[in-house]
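Student: Pasting in a structure now, in structure tokens, and then I'll have a few things to ask.
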Amino acid sequence: MIKKYAVCGAALGALLSSSGAFGAADPGSIEKRMKALEAEMAKLRKEAKEAKAAAAAKSNVANLSHKGDVHAPPPVFVSFKNGLFVETEDKAYSFKVGGRIMVDGGGISQPLNGFSNQVGVRQIRLEVEGKAAQVWFYKLQYDFSGTGQVTGNNQVLGGMRDVYFGIQHPALSVPFAKDPLFVMVGNHFEPFSLESTSSSKFRTFIERAMAVEGIAPNRHLGISVGGYGDNWTGRIGVFSTSMEDASYTPGQNTPSRWGIPKAAGWVSTGGAQYVDVAGRFTYAPIKDEHNLLHFGVSGRYHSPNDATGANDDRVLRLGNRLRSEATVLGQGLLGTPDMSCGSYANGGLFGGIPFSAVAGHCTKHVTSYGFELAGAYGPFDMQAEYIATDYTRDNNKILQARASGVFAPGGSSSHFGGYYIYGQYWVTGEERAQAYSTSDKSGANFFEPKIKNPLSAGGFGAFSLAGRYSSVNLNSGPYSGSGLANMLAYTTYVQPSPATTAAIVNSGVYGGRQENVTTGFNWYPDKGVHLQFNWTHVLHVSAPLNDYNIVGAPMPGRQGFYYNGAHPDLFEARAQVYW
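At position 288 of the sequence shown the residue is numbered 954 (my numbering), and the sequence of numbers has no breaks.
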């Protein structure tokens, strides 16, 4: 500072010496030089003030940093490739914003009770997922495309799909696990089946096979615990209500069976929701970039409690959501009656309560199980599953339901099942073994293939050809197929005998049987874009007998057994983008 003022003094001296005596100098010239000197002095004062402030700030930051009170924010990694992804340098915090759009369309040669042609938006989803503090993870996914068709005019509620959070802490580490065990809570896939838990973005065919779609559970609210290694996965959980149920409410006007003191003088009504316990374990003895052999087993125990087919329709009205593996066309050929003997219109059980769902408690519990196999050898791959479900029922409740006029066929047990097998060949040389992963929270599964020559890089993308055979049998009784239809036609129209017809109809649960063969073509032009084309031919279909009254006569206009012998062809296409 002294040096700067000395410079100013020298400048003043130079000014005076160059001008001579004040009296001899030009007054105008002296005034101009004084103004210039004042401007220079003001500039020097400002610079000195700024330098002082900067030195003080630097000193304060140094002191605070020394005390540990100030830390520079860590750098973050940001990527816009296939969605927005943000992650801190230490990978402790991250989030990803993604989504998908799926547009389906197609036609059908024999519409039956479906459509001759249709087009629609199948999914419009946005999702946010990530982790916090290294150990917490979360996901929120919402579907804006509306709701899927269930039966008739009923539609599933809400657009929430994956909505969960969880923890994967080092304290949960176990031997042989690649990472610590994880615990997740919320609405997520029950651990059951390979294809049921696979994302619709990466499935080989547009729709799941009938046995998977009809019998395997989907997302439910619950808690599960899982773990995984390089070649194995395992998860088990307890679940209940699903955002995709036909209704959130179990049987109404149902007397509570516990918790109400007799002295109260009244009986509450309502209904206890169903409960699931499910688990899945997988193992891949062969696993590298070119070869894969995968095995899996699943199991589920389902307690209906007071639920009926009016809300827990995917279990108690088994198969009623099936749409012949082409959902957009809406052709539903299968489905059992309400296995709980629930009634929700025109009277019902327990004195006839009109227009209310009443739990008949005809089903005690349901046990489902599945076996899965997948393999890959270079550009060839295959996948197969067998899934079955057994119903343990109460004969006394079934007889009470029939006495009340409710259609309640079958006896103390029922068995239903199905399977599928398919093969795929990658024309452009991609290998599905490279898309296999064990670290996903839903369990071992396949994701997007590694595209060798994407369209954006001057190539043609990835092409594959696939073929699938699938079958599901929702009949459980002594009769089936055309023999059953012919007997009913004879006792109903040729030689009417209501007693014989009722005996045939009630001899078992006849939800129908169907066999399909599907050929498919897949094109992945670029990462995040998938086009699919499927042709499904129905090899065999036997209609369900769930449109009967208690005396065994078909309901007017709903004579389902005429569906026997139909062989419709269904054509479906899907264009989707995801990020």
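Idealized CB from N, CA, C, for every residue including glycine.
These numbers come from a predicted model, not from an experiment.
Alpha carbon to alpha carbon, what distance is there between Glu755 and Tyr1035?
Tutor: Looking up residue 1035 in the sequence shown gives position 369. Looking up residue 755 in the sequence shown gives position 89. Each residue's alpha carbon lies about 44 Å from the other.
Student: Would you mind sorting Ile1053 into buried or exposed? The rule is 16 or more other CB atoms within 10 Å of its CB.
Tutor: Here residue 1053 refers to the residue found at position 387 when the sequence shown is read from its first residue. The residue is buried, with at least 16 neighbouring Cβ atoms inside 10 Å.
Student: Apply the 10 Å Cβ neighbour rule to Arg711 and answer buried if 16 or more other Cβ atoms are within range, or exposed otherwise.
Tutor: Taking the sequence shown and counting its residues from 1, one reaches residue 711 at position 45. By the 10 Å Cβ count, Arg711 comes out exposed.
Student: Residues in the same chain with beta-carbon distance under 6 Å from His1196, minus the five sequence neighbours each way, listed in chain order, please.
Tutor: Residue 1196 sits at position 530 when you count from the first residue of the sequence shown. Here the set comprises Tyr1190, Gln1242.
Student: What does the Cβ neighbour count give for Ile872, buried or exposed, with the cut at 16 atoms within 10 Å?
Tutor: As a first step, residue 872 is located in the sequence shown; it is residue number 206 there, counting from the start. The residue in question, Ile872, is buried, as its Cβ has 16 or more Cβ neighbours within 10 Å.
Student: Classify Thr1166 as helix, strand or coil using the three-state DSSP reduction.
Tutor: As a position in the sequence shown, residue 1166 is number 500, starting the count at 1. Here Thr1166 sits in helix by DSSP.
Student: Which of the three DSSP states, helix, strand or coil, is assigned to Lys1107?
Tutor: Translated into positions along the sequence shown, residue 1107 becomes position 441. The answer is coil: DSSP assigns Lys1107 none of H, G, I, E or B.
Student: Residues bridged to Phe761 by DSSP?
Tutor: On the sequence shown, residue 761 is found 95 positions in, with the first residue counted as 1. Per DSSP, Val752, Gly796.
Student: Pull up the DSSP beta-bridge partners for Met1048, would you.
Tutor: Mapped onto the sequence shown, residue 1048 falls at position 382. According to DSSP, Met1048 bridges with Gly1041, Gly1089.
Student: Below 9 Å between beta carbons: does that hold for Glu1038 and Val1138?
Tutor: Looking up residue 1038 in the sequence shown gives position 372. Looking up residue 1138 in the sequence shown gives position 472. In this structure, Val1138 does not lie closer than 9 Å to Glu1038 by Cβ.
Student: With 16 as the cutoff for other CB atoms within 10 Å, does Tyr914 come out buried or exposed?
Tutor: As a position in the sequence shown, residue 914 is number 248, starting the count at 1. Exposed, because fewer than 16 other Cβ atoms sit within 10 Å of the Cβ of Tyr914.
Student: I'd like to check one pair, Gly903 with Gly965: are the Cβ atoms closer than 9 Å?
Tutor: What you label residue 965 is simply residue 299 of the sequence shown in a count that begins at 1. What you label residue 903 is simply residue 237 of the sequence shown in a count that begins at 1. Contact flag unset, no.
Student: Drop a sphere of 10 angstroms on the beta-carbon of Pro841, count the other beta-carbons inside from all chains shown, and report buried for 16 or more, exposed for fewer.
Tutor: Counted from its first residue, the sequence shown places residue 841 at position 175. With fewer than 16 other Cβ atoms within 10 Å, it is exposed.
Student: Using CA atoms only, rank isn't needed, just tell me which of Ser1173, Ser1122, Pro846 is closest to Gly893.
Tutor: Stepping through the sequence shown from its first residue, residue 893 is reached at position 227. Taking only the C-alpha atoms, the option nearest Gly893 is Pro846.
Student: Restricting to Cα atoms, I'd like to know which of Gly832, Arg869, Gly1083 is closest to Asn1200.
Tutor: For the purposes of this step, residue 1200 is identified with residue 534 of the sequence shown, where counting begins at 1. When only C-alpha atoms are compared, the closest one is Arg869.
Student: Who pairs with Trp802 in a beta bridge, going by DSSP?
Tutor: Walking along the sequence shown from the start, residue 802 turns up at place 136. DSSP, once it has assigned bridges, lists Ala798, Ile833 as partnering Trp802.
Student: According to the neighbour-count rule (16 or more other Cβ atoms, all chains shown, within 10 Å of its Cβ), is Asp1235 buried or exposed?
Tutor: On the sequence shown, residue 1235 is found 569 positions in, with the first residue counted as 1. Looking at its Cβ environment, which holds fewer than 16 other Cβ atoms inside 10 Å, Asp1235 is exposed.
Student: With a threshold of 16 other CB atoms inside 10 Å of the CB of Val742, please say whether the residue is buried or exposed.
Tutor: Here residue 742 corresponds to residue number 76 of the sequence shown, with the count starting at 1. Classification for Val742: exposed.
Student: My understanding is that Gly917 touches Asp972, with C-beta atoms under 8 Å, so please give their C-beta distance in whole angstroms.
Tutor: Residue numbering aside, residue 917 sits at position 251 when the sequence shown is read from its first letter. Residue numbering aside, residue 972 sits at position 306 when the sequence shown is read from its first letter. 4 Å between Cβ atoms; contact.
Student: Which word fits Leu704, buried or exposed, when buried means at least 16 other C-beta atoms lie within 10 angstroms of its C-beta?
Tutor: Residue mapping note: residue 704 aligns to position 38 of the sequence shown, counting from 1. This sequence places Glu at residue 704; Leu is not what is there. Exposed, because fewer than 16 other Cβ atoms sit within 10 Å of the Cβ of Glu704.
Student: By DSSP, does Asn1061 sit in helix, in strand, or in coil?
Tutor: Residue mapping note: residue 1061 aligns to position 395 of the sequence shown, counting from 1. Three-state result, Asn1061: helix.
Student: Classify Pro1222 as helix, strand or coil using the three-state DSSP reduction.
Tutor: Taking the sequence shown and counting its residues from 1, one reaches residue 1222 at position 556. Annotation note: pLDDT 45 at Pro1222 (below 50); position unreliable, coordinate value reported separately. Residue state, collapsed to three classes: coil.
Student: For Ser1136 versus Gly1084, is the C-beta spacing smaller than 9 Å?
Tutor: Within the sequence shown, numbered from 1, the residue matching residue 1136 stands at position 470. Within the sequence shown, numbered from 1, the residue matching residue 1084 stands at position 418. Their beta carbons are under 9 Å apart, which means Ser1136 touches Gly1084 by this criterion.
Student: On the premise that Gly975 lies in contact with Gly1177, defined as a C-beta separation below 8 Å, what is that separation, rounded to the nearest angstrom?
Tutor: What you label residue 1177 is simply residue 511 of the sequence shown in a count that begins at 1. What you label residue 975 is simply residue 309 of the sequence shown in a count that begins at 1. Contact flag wrong, Cβ pair sits at about 12 Å.
Student: What first and last residue would you give for the alpha helix (DSSP H) that runs through Gly880?
Tutor: The residue you call residue 880 lines up with position 214 of the sequence shown. Residues 876 to 881.
Student: What distance in whole Å lies between the Cβ atoms of Arg983 and Asp1047, which are believed to be in contact at a cut-off of 8 Å?
Tutor: Within the sequence shown, the letter at position 381 stands for residue 1047. Within the sequence shown, the letter at position 317 stands for residue 983. Not a contact, Cβ separation roughly 35 Å.
Student: What separation, rounded to the nearest whole angstrom, lies between the Cα atoms of Gln939 and Ser1122?
Tutor: Within the sequence shown, residue 939 is the residue found at index 273, counting from 1. Within the sequence shown, residue 1122 is the residue found at index 456, counting from 1. When rounded, the distance between both Cα atoms is 51 Å.
Student: Span of the alpha helix (DSSP H) holding Asn1152?
Tutor: Working through the sequence shown from its first residue, we reach residue 1152 at position 486. Taken as a continuous stretch (DSSP letters only), the alpha helix (DSSP H) holding Asn1152 covers 1147 to 1155.
Student: Quickly, what does DSSP pair Ala1132 with across the bridge? List them, please.
Tutor: Position 466 of the sequence shown, counted from the start, is the residue given in the question as residue 1132. For Ala1132, which the question treats as bridged, DSSP gives the partners Gln1090, Gly1186.
Student: Quick one: using the 10 Å Cβ neighbour count with 16 as the cut-off for buried, is Phe1082 buried or exposed?
Tutor: Numbered from its first residue, the sequence shown carries residue 1082 at position 416. Buried is the call here.
Student: Check Glu1238 in the structure and name its three-state DSSP category.
Tutor: For the purposes of this step, residue 1238 is identified with residue 572 of the sequence shown, where counting begins at 1. Three-state DSSP puts Glu1238 in a strand.
Student: Helix, strand or coil for Asp770 per DSSP?
Tutor: Taking the first residue of the sequence shown as 1, we reach residue 770 at position 104. It is a strand residue.
Student: Taking the alpha-carbon positions, what's the Ser1108 to Pro857 distance?
Tutor: Numbered from 1 along the sequence shown, position 442 holds the residue referred to as residue 1108. Numbered from 1 along the sequence shown, position 191 holds the residue referred to as residue 857. The straight-line gap from Cα to Cα measures roughly 7 Å.
Student: Should Gly1223 be labelled buried (16 or more other beta-carbon atoms within 10 Å of its own) or exposed?
Tutor: Residue mapping note: residue 1223 aligns to position 557 of the sequence shown, counting from 1. Interpretation of Gly1223 is limited by its pLDDT of 43, a score under 50 that renders its predicted location unreliable; the figure taken from the coordinates is listed afterwards. So Gly1223 ends up on the exposed side.
Student: Return the first residue and the last residue of the alpha helix (DSSP H) that Val994 is part of.
Tutor: Taking the first residue of the sequence shown as 1, we reach residue 994 at position 328. Where Val994 is concerned, there is no enclosing alpha helix (DSSP H), given that its DSSP letter is neither H nor E.
Student: Taking three-plus beta-carbon pairs below 8 Å as touching, is the segment 941 to 958 in contact with the segment 883 to 893?
Tutor: Taking 8 Å as the limit for Cβ pairs, the verdict is that the segment 883 to 893 does touch the segment 941 to 958.
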